[in-house]
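*Asks:* Questions regarding the structure given below will be posed in turn.
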Amino acid sequence: MPELPEVETIRSYLGGLLPGKSIDAVVRIDPRMVKRSPADAEAIANLLSGREVIAVDRRGKFLFLRMDTGDALLLHLGMSGRLVAESREAPVPIHTHLILRFGDLEVRLTDPRRFGRVAWVPKGVQPDVQLGVEPLSRHFGTKTLQDAFHGRRVAVKTALLNQQLIAGLGNIYADEALFRANIHPERAAGSLTVEEMRRLARAVKHVLRQSLEHRGTSFSDYVDALGHPGENQAYLHVYGREGKPCRRCRQRIQRVVVGGRSSHFCPRCQAQQPSITVRSAD
DNA sequence: ACCACATCCTGTTAGC
DNA sequence: TGCTAACAGGATGTGG
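Going letter by letter, the first sequence gives residues 32 to 313 in the working numbering.
The following block contains the structure:
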């Protein structure tokens with residue numbers, strides 16, 4: 032599924048391709064993909080026609096096509112979404128719900144499960160997305176996790192997936208970061224020691240940067256804006272490796288459900304440490 | 001404020 | 001072999 036590295040890989044390509052180009056037509060826009068938007072599908076089509084793209088930005092897993100008017104188009108790929116730039120002559124895949132035409136080029140959003148989202152963001156209006164710190168920015172570190180996890184009883188895995196705390200982590204990189212930091216996914220977020228949070232912050236940065244270098248992880252649906260799969264799946268340690276030997280200690284990787292999401296971990300490298308209970312009020 | 005759970009959706013896989 | 005059912009999961013809404 033597209034998480035921060037995958038969305039950033041797409042952003043990087045489109046950011047070099049689209050600025051300076053104008054939208055000749057909105058060939059297709061499925062109203063069912065337009066969610067929590069101040070403008071409906073028809074209005075968006077009208078507002079976009081003739082507009083020039085000036086930038087392509089990313090925040091967490093969200094993409095923003097900035098227009099010359101100061102307005103922007105918000106795009107989210109959900110879990111099965113693809114955003115591909117190709118010739119208008121190329122066959123249109125099924126489940127393609129948005130087509131922006133720039134001359135001979137088309138940018139197409141294809142999303143079988145429709146978990147993605149298209150929304151209009153008027154000039155001067157903040158998009159209605161609640162996002163925490165960018166994990167690859169200099170603002171993210173041990174202190175971020177201390178603030179975010181303090182007093183939280185939820186599993187650290189669940190906390191990592193909370194976009195309001197950290198923007199851009201999904202199931203793959205949350206599991207990979209916890210493995211790298213040797214932390215069990217079911218540990219209460221608030222029970223982590225400062226040293227563990229330091230390791231986790233560094234691990235988050237590492238797994239995201241590593242995936243970016245490999246143009247993202249293609250597990251099922253993800254391809255980049257050129258339609259090419261990423262290469263990072265070869266470097267995963269736990270995600271999707273249930274029953275396979277740990278790359279570090281050969282113990283079998285386990286899968287448990289945490290907060291309704293499958294979590295993969297090595298029971299030896301990520302032992303369920305005795306939780307350090309600070310309070311014993313009773 | 002915090003947290004658990006349901007909802008959206010459809011391709012894939014497991015089970016009978 | 002063919003059908004049905006369970007499963008996957010990001011963000012959001014609801015209810016406790």
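We treat Cβ as the ideally placed atom computed from N, Cα and C, and that holds for glycine.
Could you name each continuous alpha helix (DSSP H) segment of 4 residues or more that falls completely within the segment 187-254, going from the start of the chain to the end?
*Replies:* Counting only runs of 4 or more, we get 187-192, 202-211, 225-244.
*Asks:* For leucine 167, which three-state DSSP category applies?
*Replies:* Counted from its first residue, the first sequence places residue 167 at position 136. Coil at leucine 167, not helix or strand.
*Asks:* What do you get for leucine 257, buried or exposed, if any count of 16 or more other CB atoms within 10 angstroms of its CB means buried?
*Replies:* For the purposes of this step, residue 257 is taken as residue 226 along the first sequence, with counting starting at 1. When all chains shown are included, leucine 257 counts as exposed.
*Asks:* Should the segment 173-186 be called in touch with the segment 134-151, which here means at least 3 C-beta pairs below 8 Å?
*Replies:* Not touching, per the Cβ criterion.
*Asks:* Is DSSP giving proline 276 helix, strand or coil here?
*Replies:* Translated into positions along the first sequence, residue 276 becomes position 245. Strand at proline 276.
*Asks:* My guess is that valine 87 and leucine 94 are in contact by the Cβ rule of under 8 Å, so how many angstroms apart are they, rounded?
*Replies:* Translated into the one-based positions of the first sequence, residue 87 becomes position 56. Translated into the one-based positions of the first sequence, residue 94 becomes position 63. About 7 Å; that satisfies the 8 Å criterion.
*Asks:* On a Cα-Cα basis, can you pick out the residue from Phe133, Ala74, Arg82, Val152 that is closest to leucine 106?
*Replies:* Counted from its first residue, the first sequence places residue 106 at position 75. Checking every option, the nearest Cα to that of leucine 106 belongs to Val152.
*Asks:* Tell whether a beta-carbon distance below 7 Å holds between glutamate 227 and valine 289.
*Replies:* Counting from 1 along the first sequence, the entry for residue 227 is found at position 196. Counting from 1 along the first sequence, the entry for residue 289 is found at position 258. No, Cβ-Cβ distance for glutamate 227 and valine 289 is not below 7 Å.
*Asks:* May I ask you to report which of helix, strand or coil DSSP gives phenylalanine 180?
*Replies:* Residue mapping note: residue 180 aligns to position 149 of the first sequence, counting from 1. If DSSP states are grouped into helix, strand and coil, phenylalanine 180 belongs with the helices.
*Asks:* So what does glutamine 285 bridge to, in DSSP terms?
*Replies:* As a first step, residue 285 is located in the first sequence; it is residue number 254 there, counting from the start. Bridge partners of glutamine 285: Phe296.
*Asks:* Label aspartate 313 either buried or exposed according to how many other C-beta atoms from any shown protein chain fall within 10 Å of its C-beta, with 16 as the threshold for buried.
*Replies:* On the first sequence, position 282 is the one that residue 313 refers to. Annotation note: pLDDT 31 at aspartate 313 (below 50); position unreliable, coordinate value reported separately. So aspartate 313 counts as exposed.
*Asks:* Tell me the rounded alpha-carbon separation between alanine 205 and valine 235.
*Replies:* As a working mapping, residue 205 is identified with position 174 in the first sequence. As a working mapping, residue 235 is identified with position 204 in the first sequence. Cα to Cα, alanine 205 sits roughly 8 Å from valine 235.
*Asks:* Which residues in the same chain as aspartate 255 place their Cβ atom closer than 7 Å to its Cβ, once the five residues preceding and following it in sequence are excluded?
*Replies:* As a position in the first sequence, residue 255 is number 224, starting the count at 1. Within the same chain, aspartate 255 has close Cβ partners Thr40, Ile41, Tyr44, Arg246, Gly247, Gly261.
*Asks:* Which residue marks the beginning of the beta strand (DSSP E) containing leucine 87, and which one marks its end?
*Replies:* Walking along the first sequence from the start, residue 87 turns up at place 56. Here residue 87 is valine; the residue named in the question, leucine, does not match the sequence. Run containing valine 87: 84-90, per the beta strand (DSSP E) assignment.
*Asks:* Buried or exposed: which applies to asparagine 77, given that a residue is buried once 16 or more other Cβ atoms fall within 10 Å of its Cβ?
*Replies:* On the first sequence, position 46 is the one that residue 77 refers to. Looking at its Cβ environment, which holds fewer than 16 other Cβ atoms inside 10 Å, asparagine 77 is exposed.
*Asks:* Does the ligand FMN have even one heavy atom less than 6 Å from the beta-carbon of asparagine 77?
*Replies:* Because no ligand of any kind appears in the structure shown, any question about the ligand FMN cannot be addressed here.
*Asks:* Would you tell me roughly how many angstroms separate the C-alpha atoms of aspartate 71 and valine 57, rounded to the nearest one?
*Replies:* Taking the first residue of the first sequence as position 1, residue 71 is located at position 40. Taking the first residue of the first sequence as position 1, residue 57 is located at position 26. Rounded to whole angstroms, aspartate 71 to valine 57 spans 13 Å at the Cα level.
*Asks:* I'd like to know whether the C-beta atoms of asparagine 202 and arginine 292 end up nearer to each other than 7 Å.
*Replies:* Position 171 of the first sequence, counting from 1, holds the residue named residue 202. Position 261 of the first sequence, counting from 1, holds the residue named residue 292. Closer than 7 Å, so yes.
*Asks:* How long is the line joining the alpha carbons of arginine 59 and leucine 108, rounded to whole angstroms?
*Replies:* Taking the first residue of the first sequence as 1, we reach residue 59 at position 28. Taking the first residue of the first sequence as 1, we reach residue 108 at position 77. C-alpha separation (whole angstroms): 17 Å.
*Asks:* Which of helix, strand or coil does DSSP assign to isoleucine 41?
*Replies:* Working through the first sequence from its first residue, we reach residue 41 at position 10. It is helical.
*Asks:* Could you check the C-alpha separation between alanine 150 and threonine 100 for me, to the nearest Å?
*Replies:* Position 119 of the first sequence holds residue 150. Position 69 of the first sequence holds residue 100. Cα to Cα, alanine 150 sits roughly 16 Å from threonine 100.
*Asks:* Give the straight-line distance between the Cα atoms of leucine 140 and glycine 112, rounded to the nearest whole angstrom.
*Replies:* Reading the first sequence from its first residue, position 109 is the one you call residue 140. Reading the first sequence from its first residue, position 81 is the one you call residue 112. Cα to Cα, leucine 140 sits roughly 7 Å from glycine 112.
*Asks:* Mind reading off the beta-carbon distance from phenylalanine 210 to cysteine 297? Whole number of angstroms is fine, and I expect it under 8 Å.
*Replies:* As a working note, residue 210 is residue 179 in the first sequence. As a working note, residue 297 is residue 266 in the first sequence. At roughly 6 Å, the Cβ-Cβ gap stays under 8 Å, so phenylalanine 210 and cysteine 297 are in contact.
*Asks:* Kindly list the residues whose CB is nearer than 7 Å to the CB of proline 62, restricted to its own chain and excluding five residues on each side of it in sequence; keep chain order.
*Replies:* Taking the first residue of the first sequence as position 1, residue 62 is located at position 31. Around proline 62: Asp71, Ala72.
*Asks:* Tell me threonine 141's beta-bridge partners as DSSP assigns them.
*Replies:* Residue 141 sits at position 110 when you count from the first residue of the first sequence. Note: threonine 141 sits in a beta bridge opposite Arg113, Thr127.
*Asks:* Once you ignore the five residues that flank alanine 220 on each side, which residues in its own chain have a CB closer than 6 Å to its CB?
*Replies:* Translated into the one-based positions of the first sequence, residue 220 becomes position 189. Excluding positions up to five away in sequence, the list reads Phe180, Arg183, Val185, Val187, Ala190.
*Asks:* DSSP state of alanine 150, grouped into three classes?
*Replies:* Translated into positions along the first sequence, residue 150 becomes position 119. Alanine 150: strand per DSSP, three-state reduction.
*Asks:* Leaving out five residues before and five after isoleucine 214 in sequence, what residues of the same chain have Cβ atoms less than 8 Å from its Cβ?
*Replies:* Walking along the first sequence from the start, residue 214 turns up at place 183. Here the set comprises Val187, Leu223, Glu227, Arg230, Leu231, Gln301.
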